[in-house]
Amino acid sequence: MKSLAIISEYNPCHKGHAYQIEKARELSGSDIIIALMSGNFVQRGIPAVFDKYTRAGLAVLSGADIVIELPTVYATSSAEGFAYYAVDILNRLNTVDYISFGMENDNLSIINEIAKILSDEPENYRILLKKYMSKGFSAPLSREYALSEYLSNTGFRNILGMPNNILALEYIKALHKTASAITPVPVKRIGNGYNDAIATTPYPSATSIRNMYKNNDTEGIKSSLLPDVYNYISCKKPIFEEDFSMLLNQSILLNRNFLHEYSDIDEKLSNRINNLFSSGNYYNFNGLAAELKSKNYTYTRICRSLIHILLGIKDNDIKSADACRVLALNKAGGKFLKDIRDKSGIKLICDLSEAKNILKENTILQKDILSSDIYRLAYFNKYNENLTDEYRHKPEIINS
Numbered sequence: 014m015k016s017l018a019i020i021s022e023y024n025p026c027h028k029g030h031a032y033q034i035e036k037a038r039e040l041s042g043s044d045i046i047i048a049l050m051s052g053n054f055v056q057r058g059i060p061a062v063f064d065k066y067t068r069a070g071l072a073v074l075s076g077a078d079i080v081i082e083l084p085t086v087y088a089t090s091s092a093e094g095f096a097y098y099a100v101d102i103l104n105r106l107n108t109v110d111y112i113s114f115g116m117e118n119d120n121l122s123i124i125n126e127i128a129k130i131l132s133d134e135p136e137n138y139r140i141l142l143k144k145y146m147s148k149g150f151s152a153p154l155s156r157e158y159a160l161s162e163y164l165s166n167t168g169f170r171n172i173l174g175m176p177n178n179i180l181a182l183e184y185i186k187a188l189h190k191t192a193s194a195i196t197p198v199p200v201k202r203i204g205n206g207y208n209d210a211i212a213t214t215p216y217p218s219a220t221s222i223r224n225m226y227k228n229n230d231t232e233g234i235k236s237s238l239l240p241d242v243y244n245y246i247s248c249k250k251p252i253f254e255e256d257f258s259m260l261l262n263q264s265i266l267l268n269r270n271f272l273h274e275y276s277d278i279d280e281k282l283s284n285r286i287n288n289l290f291s292s293g294n295y296y297n298f299n300g301l302a303a304e305l306k307s308k309n310y311t312y313t314r315i316c317r318s319l320i321h322i323l324l325g326i327k328d329n330d331i332k333s334a335d336a337c338r339v340l341a342l343n344k345a346g347g348k349f350l351k352d353i354r355d356k357s358g359i360k361l362i363c364d365l366s367e368a369k370n371i372l373k374e375n376t377i378l379q380k381d382i383l384s385s386d387i388y389r390l391a392y393f394n395k396y397n398e399n400l401t402d403e404y405r406h407k408p409e410i411i412n413s
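327 is the number that my numbering gives to position 314 of the sequence shown; each next residue is one higher, with no gaps.
Here you go:
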């Protein structure tokens with residue numbers, strides 16, 4: 014029995030994702046699709062529009078067989094950390110044959126060439142990278158410029174400037190670094206681009222769908238999702254960055270002297286945050302991120318830093334996971350789960366009562382529980398309704 018994994022966020026899961034799942038299954042001949050999905054907070058440093066169990070259910074309705082949570086400390090990391098730790102988990106499941114990811118083109122050889130340079134970091138490349146960093150360019154831009162000059166090919170900048178290609182590159186790097194036996198299966202992206210805020214094709218981006226929810230565009234939402242997905246999600250309520258503004262302000266106020274201890278926050282950024290709050294003003298989430306954005310700090314990097322303050326994530330929290338939660342599955346996924354549990358080097362948890370013995374030691378799992386509690390609190394503040402807590406929530410079982 015062959016299995017394929019997709020590292021994902023599904024924020025939310027739409028027609029383009031369903032296409033990728035179907036195409037990846039077809040290209041690989043896999044019997045089982047595993048989605049390793051971010052929980053309630055995602056890599057671009059924002060809360061997910063719907064809670065993780067809802068989004069996991071959507072993934073199964075869209076073709077996945079089992080959804081496993083990518084721990085929060087990894088899900089909110091840089092693209093490099095996100096990919097590396099996700100691939101590490103897939104390696105240690107010991108049951109994954111393939112990994113699929115979206116690309117803006119299907120030229121995997123170019124991505125492989127770039128990944129090798131970034132993994133090996135030859136001396137001439139390092140010299141060029143330092144040159145651009147010293148000129149004040151951000152790390153991503155410095156990397157693009159250094160690679161373009163090193164390879165004498167400006168076309169590589171276009172490849173690196175596309176979000177799906179960036180993650181594809183990081184997945185290939187992670188496979189190299191971990192000497193993984195997992196085979197990559199790229200799927201060319203169709204429809205709108207990852208960051209396109211307005212839907213212009215039958216396959217809109219997750220960004221544009223989130224904007225539809227913000228604007229109460231019911232017809233747009235309905236046309237962007239599979240019918241079963243729309244029916245499943247129609248009674249669910251969305252949540253956005255702004256809904257966490259009060260909690261974020263409170264977290265900063267309580268930790269102003271220790272901000273530099275949080276992941277992705279250096280002394281310079283810590284001082285900038287403190288200087289803003291010294292004015293006596295408070296900020297909404299997006300407003301604060303916009304104030305802090307600069308040539309050296311991208312907007313997404315700032316958002317991740319703010320999420321780390323909100324969730325209390327420090328560098329020493331980011332270590333190898335020994336447990337992950339199962340969020341959703343269908344009948345085939347349930348049967349496959351038994352096989353995973355027999356072979357896996359990671360404990361897969363369907364019920365937190367199973368994890369009592371490891372919760373005392375497992376800070377990564379504790380961070381997942383805390384992040385869900387914070388997400389639930391923001392949801393309660395907005396809707397005066399409680400989402401089910403982590404100790405009572407069982408995986409979504411989808412009979413599709």
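Note that CB positions come from ideal geometry on N, CA and C, so glycine has one too. No experiment lies behind these values; they were computed from the predicted model shown.
Checklist entry - In the structure shown, what three-state DSSP assignment does H115 receive? => result The sequence shown places Gly at residue 115, not His. Strand, per DSSP.
Item to check | Where the alpha helix (DSSP H) through I222 begins and ends | outcome: For I222, the enclosing alpha helix (DSSP H) stretches over residues A219 to K227.
Item to check | Segments assigned alpha helix (DSSP H), at least 4 residues, entirely inside the segment 296-373 | outcome: Taking only runs of at least 4 residues, the alpha helix (DSSP H) segments lying wholly in the segment 296-373 are 298-305, 312-324, 344-356 and 369-372.
Item to check | Element boundaries [alpha helix (DSSP H), containing K201] | outcome: No alpha helix (DSSP H) holds K201; the beta strand (DSSP E) holding it covers T196 to K201.
Item to check | CB of L180 within 8 angstroms of CB of A77, strictly | outcome: No, these two residues do not count as a Cβ contact at 8 angstroms.
Checklist entry - Using CA coordinates, which residue listed in D355, M50, Y312 and I112 is at the minimum distance from L182? => result Checking every option, the nearest Cα to that of L182 belongs to I112.
Item to check | Expected contact under 8 angstroms - CB spacing of S384 and N53 to nearest Å | outcome: Contact flag correct, Cβ pair sits at about 6 angstroms.
Checklist entry - Would the beta-carbon of A159 fall within 8 angstroms of that of Y145? => result Yes.
Checklist entry - Taking P251 as the reference, which of I20, D64, A48 and I45 has the closest Cα? => result Closest by alpha carbon: D64.
Checklist entry - H27 CB to nearest chain B CB: under 8 angstroms? => result Protein chain content of the structure displayed is limited to a single chain, and chain B is not contained in it.
Checklist entry - What are the boundary residues of the alpha helix (DSSP H) that includes I127? => result L121 to D133 is the extent of the alpha helix (DSSP H) around I127.
Checklist entry - So, helix, strand or coil for I411, using DSSP? => result Here I411 sits in coil by DSSP.
Next on the checklist: On a Cα-Cα basis, can you pick out the residue from D335, N412, I203 and S147 that is closest to E117?
Outcome noted: Checked all of D335, N412, I203 and S147; the closest Cα to E117 is I203.
Item to check | First through last residue of the alpha helix (DSSP H) which encompasses V242 | outcome: Per DSSP, the unbroken alpha helix (DSSP H) holding V242 starts and ends at P240 to I246.
Checklist entry - What distance in whole Å lies between the Cβ atoms of L305 and I286, which are believed to be in contact at a cut-off of 8 angstroms? => result So it is a contact: roughly 7 angstroms between Cβ atoms.
Checklist entry - What are the start and end residues of each continuous alpha helix (DSSP H) run of 4 or more residues lying completely inside the segment 26-113, in chain order? => result Inside the segment 26-113, DSSP marks whole alpha helix (DSSP H) runs of 4 or more residues at positions 28-41, 65-74, 85-88 and 92-106, from first to last along the chain.
Next on the checklist: Am I right that V73 and N343 are in contact with their C-beta atoms under 8 angstroms? What's the rounded C-beta distance?
Outcome noted: Between the beta-carbon of V73 and that of N343 there is about 5 angstroms, and that keeps the pair under the 8 angstroms contact cut.
Checklist entry - Mapping DSSP to helix, strand and coil, what is A18? => result The DSSP-derived three-state label of A18 is strand.
Next on the checklist: I need the boundaries of the alpha helix (DSSP H) containing T191, first residue and last residue.
Outcome noted: Where T191 is concerned, there is no enclosing alpha helix (DSSP H), given that its DSSP letter is neither H nor E.
Item to check | Which of helix, strand or coil DSSP assigns to Y23 | outcome: Residue state, collapsed to three classes: coil.
Next on the checklist: Could you tell me the alpha carbon to alpha carbon distance between P408 and D402, rounded to whole angstroms?
Outcome noted: Answer to the nearest angstrom: the Cα atoms are 12 angstroms apart.
Item to check | Distance between N228 and K235 (C-alpha atoms, nearest Å) | outcome: Rounded to the nearest angstrom, the gap between the Cα atoms of K235 and N228 is 13 angstroms.
Item to check | Beta-carbon proximity of S16 to D44, cut-off 8 angstroms | outcome: Yes, they are a contact pair.
Checklist entry - Can you tell me the Cα-Cα spacing of G346 and L239, whole angstroms? => result L239 has its alpha-carbon roughly 21 angstroms from the corresponding atom of G346.
Checklist entry - Alpha carbon to alpha carbon, what distance is there between T191 and Y184? => result In this structure, the straight-line span from the alpha carbon of Y184 to that of T191 is close to 11 angstroms.
Checklist entry - Excluding sequence positions up to five away, which residues of its chain have a Cβ less than 8 angstroms from the Cβ of N412? => result For N412, same chain residues with a beta-carbon under 8 angstroms away, outside a window of 5 residues either side, are N343 and K344 in chain order.
Checklist entry - Taking just the CA atoms, how far does D230 sit from N12? => result The requested residue 12 does not occur in the structure, where the chain is confined to residues 14 to 413.
Next on the checklist: Let me check one thing: in DSSP terms, what residues is Y275 bridge-paired to?
Outcome noted: DSSP lists K327 as partners of Y275.
Item to check | Environment of N24 [buried if 16+ CB atoms lie within 10 Å] | outcome: The residue is buried, with at least 16 neighbouring Cβ atoms inside 10 Å.
Checklist entry - Going by the beta-carbon positions, is the gap between N107 and S357 smaller than 8 angstroms? => result Against a cut-off of 8 angstroms, the Cβ pair of S357 and N107 comes out as a contact.
Checklist entry - What's the call for E82, buried or exposed, on a 16-neighbour Cβ count within 10 Å? => result E82 is buried by the Cβ-count criterion.
Item to check | Among F271, I124 and C248, the one whose alpha carbon lies nearest that of P199 | outcome: Per the Cα distances, I124.
Checklist entry - Considering D402, what are the terminal residues of the alpha helix (DSSP H) in which it resides? => result Run containing D402: none; DSSP gives neither H nor E here.
Item to check | C-beta contact flag for I246 and T67 at 8 angstroms | outcome: A contact, by the Cβ cut-off of 8 angstroms.
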